[in-house]
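*Asks:* Its first residue numbered 660, the sequence shown is counted upward by one per residue in the working numbering. C-beta: ideal position from N, C-alpha, C; glycine also. These figures come from a predicted structure and were not determined experimentally.
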Amino acid sequence: MFRSLIQKRLILILSLAFGTSLALAQSYPNRTVKMIVPLTTGSGADIAGRVVAKSLTETWKQPVIIENRPGAGGLIGTGVVVNSDPDGYTLLVQSASYAANPAIYKKLPYDPLKSLIDVAILGQTPYVMITAADGPYQTIRDLVIAAKSKPGEITFASAGVGSSTHLAAEYFNQMMGVKLIHVPYKGSPEAIQDTMSGRTAFYMAPLDTAIGQLRGGKVRALGVTSKTRNAAVPEIPTIAEQGYSNFEIALWFGVWAPTGTPAAVVKKINADINQSMQDPEVKNAYDSKGIKATPMSPTEFSKFVREEMAKYQKIAKDANIEPQ
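(1) Per DSSP, what are the beta-bridge partners of Pro917 in this structure?
(2) Assuming Tyr786 contacts Ala816 (C-beta within less than 8 Å), just tell me the rounded distance between them.
(3) Give every residue of the same chain whose Cβ lies closer than 8 Å to the Cβ of Ala779, excluding the five residues on either side of it in the sequence, and list them in chain order.
(4) Determine, using beta carbons only, whether Ala978 and Asn760 come nearer to each other than 8 Å.
(5) So, is the C-beta of Val740 closer than 8 Å to a C-beta in chain D?
(6) Expressed to the nearest angstrom, what Euclidean distance is found between the alpha-carbon atoms of Asp770 and Ile776?
(7) Using beta-carbon positions only, say whether Leu698 and Ser823 come within less than 8 Å of one another.
(8) Mind checking whether Thr700 and Ile724 have CB atoms under 8 Å apart?
(9) Relative to the alpha-carbon of Lys973, which residue among Gly902, Pro896, Glu829 and Val878 has its alpha-carbon at the smallest distance?
(10) For the alpha helix (DSSP H) that contains Glu900, what are its first and last residues?
(11) Is Arg858 helix, strand or coil when you go by DSSP?
(12) Do Lys845 and Pro729 have their CB atoms nearer than 8 Å?
(13) Can you tell which of Gly747, Tyr748, Pro745 and Leu772 has the C-alpha that lies nearest to the C-alpha of Tyr757?
(14) Does DSSP put Ala909 in a helix, in a strand, or in coil?
(15) Please state whether the Cβ-Cβ distance between Glu907 and Thr884 is less than 8 Å.
(16) Output the boundary residues of the alpha helix (DSSP H) element that contains Gly871.
(17) Using 10 angstroms around the beta-carbon of Glu966, count the other beta-carbons present and answer buried if the total reaches 16, otherwise exposed.
(18) Look at the alpha carbon of Met1001 and the alpha carbon of Gln685, and state the distance between them as a whole number of angstroms.
(19) Could you give the residue range of the alpha helix (DSSP H) that holds Ile932?
(20) How would you write the range of the alpha helix (DSSP H) that Leu839 sits in, first residue to last?
(21) Spatial neighbours of Gln721 within its chain, please: C-beta separation below 8 Å, excluding the five flanking residues on both sides.
(22) With Leu881 and Met968 assumed to form a contact (beta carbons below 8 Å), what rounded beta-carbon distance in angstroms separates them?
(23) Quick one: give me the first and last residue of the beta strand (DSSP E) that Ile695 is part of.
(24) When the Cα atoms are used, what is the spatial distance from Met936 to Lys809?
(25) By the 10 Å Cβ neighbour count, where 16 or more other Cβ atoms means buried, how is Ser947 classified, buried or exposed?
(26) For Lys951, which of helix, strand or coil comes out of DSSP?
(27) Which of the three DSSP states is assigned to Gln797 in this structure?
(28) What is the rounded straight-line gap between the Cα of Ala952 and the Cα of Phe963?
(29) Looking only at its own chain, which residues have a Cβ that is under 6 Å from the Cβ of Val752, when we skip the five neighbours before and after it?
(30) Please go through the same chain and pick out, in chain order, the residues whose beta-carbon is closer than 7 Å to the beta-carbon of Val741, but skip the five residues on each side of it.
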């Protein structure tokens, strides 16, 4: 009888908790939702986040605003979200750098597996390897030959130490068997600018951030990192088709919430983000930037993030990058 009473009370507590969570989800959101992008304006995550934020604003009938908090490879802005109230009103929009950072930093100011909840993926896009339009490199082969003849002399840009653009370039260096000097920048716009001027040999740019400069002829594309050509820039060959058949690496963007955010709220955000991918305006904006929508459930996204973390750990280890 005593055990039965405890079981009944437990069921009642769980029912009340579920009912509270469900009620929160049904009323969510009833005020402004803030999406923190820990990268500069014009970064890949910033672009994808703004497209989806606009769609969610219309769906939720509440403002969804983007707030850029760049610095320390995305750690500053991420920390803001980690320390915010777990109510669904402060979310993180980050790129694959979220999975890359643990491979570079010995100690993060948060636990990437416990401090945040994986909510939804916003989409995927290839990196495009860019170089100065009037620079010496016409093809991937030109760059590789030059790098092998001058080991440790040629530079490459990234959007910051530990960023996905950093490790994507290191992956290229490994695959090609070359040694180059890493020059980190504050973000993609700055990295593109210095690559465009010839101060660095190349930058593994998120396609959505560099597509304007590509179409304007301001930079030369040496190849995209996907297995097949991207529909937004079908004239750019893949790196794989240029004699490096095993080369493939993708950039992606996602949304996270602080741990403790009600499960029903997380589920609603995920469902509404996935639904936004059907919005013609989102589709058109994504298509024009070379972003592909790849909706996942929170569980699927969580599995994907952990697989990406393992991949970047291997890249960093193989590149002999000492964690900072």
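*Replies:* Straight from the coordinates:
(1) Partner(s): Leu775.
(2) Rounded to the nearest angstrom, the Cβ distance from Tyr786 to Ala816 is 12 Å, too far for a contact under 8 Å.
(3) Within the same chain, and ignoring the five residues on either side of Ala779 in sequence, the residues whose Cβ sits closer than 8 Å to its Cβ are Gly913, Val914, Ile928, Asn929, Ile932, Asn933, Pro954, Met955, Pro957 and Phe960.
(4) No, the Cβ-Cβ distance between Ala978 and Asn760 is not below 8 Å.
(5) Protein chains in the displayed structure number just one, and chain D is not present.
(6) Each residue's Cα considered, the two are about 11 Å apart.
(7) In this structure, Ser823 does not lie closer than 8 Å to Leu698 by Cβ.
(8) Note that the C-beta distance between Thr700 and Ile724 is not below 8 Å.
(9) Checking every option, the nearest Cα to that of Lys973 belongs to Glu829.
(10) Looking at the DSSP string, Glu900 is not in any alpha helix (DSSP H), and its letter there is neither H nor E.
(11) Arg858: coil per DSSP, three-state reduction.
(12) Contact: yes.
(13) Among Gly747, Tyr748, Pro745 and Leu772, the Cα nearest to that of Tyr757 is on Leu772.
(14) Under the three-state reduction of DSSP, Ala909 is assigned to strand.
(15) Yes; because the gap between Cβ atoms is below 8 Å, this pair is in contact.
(16) Leu866 to Arg874 is the extent of the alpha helix (DSSP H) around Gly871.
(17) It is exposed - the Cβ of Glu966 has fewer than 16 other Cβ atoms within 10 Å.
(18) Because the chain in this structure spans residues 660 to 983, residue 1001 falls outside the shown range and cannot be described.
(19) DSSP places Ile932 in the uninterrupted alpha helix (DSSP H) bounded by Ala922 to Ser935.
(20) Counting along the chain, Leu839 falls outside any alpha helix (DSSP H), and DSSP gives it neither H nor E.
(21) Within the same chain, Gln721 has close Cβ partners Pro688, Asn689, Arg690, Thr691 and Val692.
(22) Actually they are not in contact, since the Cβ atoms of Leu881 and Met968 sit about 28 Å apart, beyond 8 Å.
(23) Val692 to Val696 is the span of the beta strand (DSSP E), which, as asked, contains Ile695.
(24) Annotation: Met936 to Lys809 spans about 46 Å, alpha carbon to alpha carbon.
(25) A residue is called buried when at least 16 other Cβ atoms come within 10 angstroms of its Cβ; Ser947 does not meet this threshold and is exposed.
(26) Lys951 falls in the strand class under three-state DSSP.
(27) Here Gln797 sits in coil by DSSP.
(28) Whole-angstrom Cα-Cα distance: 15 Å.
(29) Same-chain partners within the cutoff: Met694, Val696, Ala704, Gly708 and Val914.
(30) Tyr769, Ser774, Leu775 and Pro917, listed in sequence order.
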